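According to this note's numbering, the residues represented by the sequence shown are 1 to 164, in order. All C-beta atoms in this analysis are idealised placements derived from N, C-alpha and C, irrespective of residue type, glycine included. This structure is a prediction, so every number in the text was calculated from the model and none was measured.
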Amino acid sequence: MNLLEIKILQTLIGIVLFFLLRLLMNKLIERTVSKNVLQKTRGKIIKKIVFIVLVTITIIFVLTVWGIDQAELFLFMASVLTVIGIALFAQWSHLSNLTSGLIIFFNHSAKLDDTIIIIDKDFEVEGRISDIGLFFIKLKTKEGEEVLLPNNIFLQKMIKKKIT
């Protein structure tokens with residue numbers, strides 16, 4: 001095999017791995033959505049995020065296979081991330097809520113329709129979880145009020161879950 005054939009083979013392997021990982025991650029997300037009675041729209045959003053990450057990794061791999069200098073690629077990626085970081089600096093809380101939303105999605109015991117009490121020294125909130133979004137959790141109180149709680153705060157607070 002000559003060098004060109006090896007590069008083509010490595011590129012094809014990278015693309016096949018991309019599709020296999022995407023299929024595997026989509027199945028995992030669908031299983032998590034159905035097991036935890038989560039909204040399908042949340043699953044679609046998570047799938048899009050995973051897709052973007054996998055595409056980025058695949059592009060970097062293919063560029064490296066075809067001889068893009070790793071130092072130049074690193075410089076380019078660092079520049080892009082710096083610009084994005086500066087642009088989003090004021091939005092750090094949004095990123096925190098988004099990350100917290102992913103953590104709640106995959107690894108939290110609270111689910112839709114659970115009744116919980118959020119313990120706070122100043123103000124306790126009791127309600128039924130009516131929606132778990134990427135940025136907020138919606139609680140319906142006994143009084144019929146809707147309380148929106150940012151995901152990062154939800155992860156930081158102590159929560160009592162009422163078992164029925």
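Going by the DSSP bridge assignment, what does residue i pair with across the sheet?
i: Glu126; result: Ile117
i: Phe76; result: Answer by DSSP bridge pairing: none, since Phe76 is not bridged.
i: Met1; result: DSSP, once it has assigned bridges, lists no residue as partnering Met1.
i: Phe136; result: Pro150
i: Asp131; result: Lys138
i: Met158; result: Ile119
Which residues in the same chain as residue i place their Cβ atom closer than 7 Å to its Cβ, once the five residues preceding and following it in sequence are excluded?
i: Leu12; result: none
i: Asp120; result: Lys157
i: Ile103; result: Leu155
i: Leu17; result: none
Please classify residue i as buried or exposed, where buried requires at least 16 other C-beta atoms within 10 Å of its C-beta.
i: Arg42; result: buried
i: Phe19; result: exposed
i: Leu81; result: exposed
i: Phe154; result: buried
i: Leu75; result: exposed
i: Ser79; result: exposed
Below 8 Å on the Cβ atoms is my guess for residue i versus residue j; work out the distance and round it to an integer in Å.
i: Ser96; j: Asn26; result: Between Asn26 and Ser96 the Cβ distance is about 26 Å, and since that is not below 8 Å, they are no contact.
i: Phe106; j: Thr58; result: The pair is not a contact, with the Cβ atoms about 23 Å apart (cut-off 8 Å).
i: Ile132; j: Leu149; result: Not quite, the Cβ-Cβ distance comes to about 10 Å (not below 8 Å), so this is no contact.
Distance, Cα to Cα, residue i vs residue j?
i: Ser34; j: Lys40; result: 8 Å
i: Val53; j: Leu23; result: 14 Å
i: Asp114; j: Lys47; result: 25 Å
i: Lys111; j: Ala71; result: 45 Å
i: Val50; j: Ser130; result: 25 Å
i: His108; j: Lys161; result: 12 Å
Tell me whether residue i counts as near the ligand SAH, meaning its Cβ is closer than 7 Å to at least one heavy atom of that ligand.
i: Ile116; result: Looking at this structure, you won't find the ligand SAH or any other ligand, since it has none at all.
If you drop the 5 nearest sequence neighbours on each side, which residues of the same chain put their C-beta closer than 8 Å to that of residue i?
i: Phe61; result: Gly14
i: Lys73; result: Checking the sequence shown, residue 73 turns out to be Leu, not Lys. Excluding sequence neighbours, Leu73 sits near Ile60, Leu63 and Thr64.
i: Leu124; result: It is worth fixing the name first, because residue 124 is Glu in this sequence and not Leu. Cβ within range, chain order: Ile117 and Ile118.
For residue i, which residues of its own chain have a beta-carbon under 6 Å away from its beta-carbon, when the five flanking residues on both sides are left out?
i: Ile6; result: none
i: Lys142; result: none
i: Glu169; result: Outside the modelled stretch of the chain, which goes from 1 to 164, sits residue 169, for which no answer is possible.
Examine chain E for any beta-carbon lying closer than 8 Å to the beta-carbon of residue i, and answer yes or no.
i: Phe19; result: Absent from the structure: chain E. Only one protein chain is present.
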